[in-house]
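Letter by letter, the sequence shown follows residues -31 to -1, 1 to 334 of mature numbering (1 follows the signal peptide of the UniProt record, and there is no 0). Just so it is clear, CB atoms sit at the ideal spot from N, CA and C, and this is done for glycine as well. Being a predicted model, the structure only gives us computed values, none of them experimental.
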Amino acid sequence: MKKRKSTAGVVMRLWLAGGLLAGISPVYSQAAEDTLTAQKTPPVAVVFGVRSLAPETPVSNQQAFVSKEVTLPDVACAACEASSTHWESAWVVSGADAMKTESRPETGWYVFSSGLKGIGVGIQTSLKDKARRRSSGSGNHLENPGDMTVGLLRLEQNTGAGLVALPPAQFKRITTFYDAAGREVYAQEDTVQVSADLTVPTCTSTSESLSFTMPDISQVWLKRNVQAGHYTDTLMSPPQLVVANCSENTQTLRIRFIPQGSVTDSIEGRDTILVGRDDVSGEDTGTGYLMKYDAQAFGQRREGVVQWSRQSPVVLTNPHPSSTGDELTQGITVSLQAYYARAQNNLDVTAGNITAKGIYQVSYD
């Protein structure tokens, strides 16, 4: 809040800062491996089902927010003689969905586009195979187990909602058995198929820092007419707006008001007066402000008094959230207005420049 300086007057300034809390080259691209007449086993299905992505889910190209352990089928050559057979096995990446910059083939980590904005599919091969993408051995049975971890990654803060899919053959293991003369006897191709239905509520806010300018007021008038813990509803700032747009599948939107200074209780409840500080001394004063909100969201309207506490956000609930849909169709407007108040701190109402500051945060799920 801000007031022009006058004799024995109070200049209140409220500054409210705000914010909105969300091809790789083939491992082995030799033509022989892509043209082998390999026995293709059915893809191992990795189904994550319906998943909800929370705003606080971190952005990472290395850490999945949900994952599953997967084992590829056993590999054996029934027509081979164990004593005279050797085998070669390799992890092969193909297709346009492979993400070169996000992958770390040298550690067995591969990232693919999921077909959904900001969401990737990560595959980590077993620890045993990290240092070697190609392996070989003797006998008619593949020694290395086909263990891997498959997960979903949040690659961007802004993501889409809908179906996640990694088609078969984007990442596969090809194992080939050879006889003593080096002739191919048997080849097997194993792969995974990943699917999920991601529900990603999304909100954007165009509002940033807010500044509330208070009307002129006399120090004496405030002392005489407003008791400690009370406020005046006749002297207030012009309203300021917090504007957001949310997707249809947003269930709840929360606005937290966090003080950057002291707070006291008022007749309106706990932590409802933000204490003003003297600009010169930096000390708290007996002058503060109370803030009211008028929110319109999801076809509803709600009014109340702001509580300056992380544990007491303004909560706006969507009565009919959609299970799908990431279009920003839900307009949300929160009007904020500040009022002069007397803090319950036994401090004097002083003249001069008085400043109070706070932060608001918008979160959703």
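May I have the straight-line CA-CA distance separating residue i from residue j, to the nearest angstrom?
i	j	result
Arg123	Gln280	27 Å
Thr302	Arg270	10 Å
Ser178	Gly87	28 Å
Glu158	Gln139	12 Å
Ala264	Asp66	43 Å
Lys261	Val318	22 Å
Pro184	Ala307	11 Å
Gln209	Thr94	53 Å
Thr(-25)	Gly300	Its pLDDT being 32, under 50, Thr(-25) is placed unreliably in this model, and the value from its coordinates should be taken loosely. The alpha-carbon atoms of Thr(-25) and Gly300 are separated by roughly 44 Å.
Val331	His289	20 Å
Ile323	Val249	9 Å
Asn113	Val39	14 Å
residue 335	Phe34	No answer is possible for residue 335: it lies beyond the span of the chain, which begins at -31 and ends at 334.
Ser180	Glu75	52 Å
Ser29	Leu222	24 Å
Gln32	Met68	15 Å
Ala45	Asp166	35 Å
Met205	Ala310	10 Å
Val283	Leu191	29 Å
Ala213	Cys172	7 Å
Cys49	Ala150	13 Å
Arg291	Gly106	Correcting the residue type first, residue 291 is Ser in the shown sequence and not Arg. Spanning the two alpha carbons is a distance of roughly 54 Å.
Gly77	Trp56	20 Å
Gly273	Val13	54 Å
Pro228	Tyr258	12 Å
Ser304	Ala266	11 Å
Pro(-6)	Val90	Because the pLDDT at Pro(-6) is just 33, under 50, the model does not fix this residue reliably, and the point stays unresolved.
Leu5	Leu285	In this predicted model, Leu5 has a pLDDT of only 47, less than 50, meaning its place in the structure is not dependable; the value taken from the coordinates is given anyway. Answer to the nearest angstrom: the Cα atoms are 59 Å apart.
Ser278	Arg225	7 Å
Arg73	Ser104	18 Å
Helix, strand or coil for residue i? Go by DSSP, reduced to three states.
i	result
Ser95	coil
Ser53	helix
Thr160	strand
Val125	Here the sequence assigns Glu to residue 125, which means Val is not the residue at that position. Correct three-state label for Glu125: coil.
Thr76	helix
Lys141	strand
Ser63	coil
Lys86	coil
Thr302	strand
Ala325	strand
Leu285	strand
residue 337	No answer is possible for residue 337: it lies beyond the span of the chain, which begins at -31 and ends at 334.
Phe81	strand
Met68	coil
Arg152	coil
Leu135	strand
Asp116	strand
Gly273	strand
Arg279	coil
Gly108	coil
Ala320	coil
Ala7	coil
Gly268	coil
Ala312	coil
Gln330	strand
Val16	strand
Ala1	Here Ala1 scores only 35 on pLDDT, less than 50, and its place in the model should not be relied on; the value that follows carries that caveat. Helix, per DSSP.
Phe34	coil
Ala307	strand
Under the assumption that residue i contacts residue j (Cβ atoms under 8 Å), give the Cβ distance between them as a whole number of angstroms.
i	j	result
Gly230	Leu243	7 Å
Leu111	Ser58	6 Å
Tyr329	Val211	7 Å
Val163	Val15	5 Å
Ala325	Gly245	4 Å
Gly108	Ser36	So it is not a contact: roughly 32 Å between Cβ atoms.
Phe81	Leu135	5 Å
Thr219	Asn287	6 Å
Pro42	Gly115	7 Å
Gly129	Leu85	5 Å
Thr160	Lys141	4 Å
Gln276	Asp240	5 Å
Asp234	Gln313	6 Å
Ile143	Val61	6 Å
Gly321	Asp247	6 Å
For residue i, would you say it is in contact with chain D, using Cβ-to-Cβ distances shorter than 7 Å as the test?
i	result
Glu57	Absence of chain D from the displayed structure is noted, only one protein chain being present.
Closer than 6 Å to a non-hydrogen atom of the ligand ADP - does that hold for the CB of residue i?
i	result
Glu252	Absence of the ligand ADP from the depicted structure is noted, as is the absence of any ligand whatsoever, leaving it without description.
Within the segment 163 to 234, ranges of the beta strand (DSSP E) (whole runs, at least 3 residues): 172 to 174, 179 to 182, 200 to 205, 209 to 215 and 221 to 228
Segment contact, 8 Å Cβ cut-off, at least three pairs: the segment 186 to 203 with the segment 148 to 155: no
Minimum length 3: unbroken beta strand (DSSP E) runs contained in the segment 232 to 266: 232 to 235, 238 to 247 and 253 to 266
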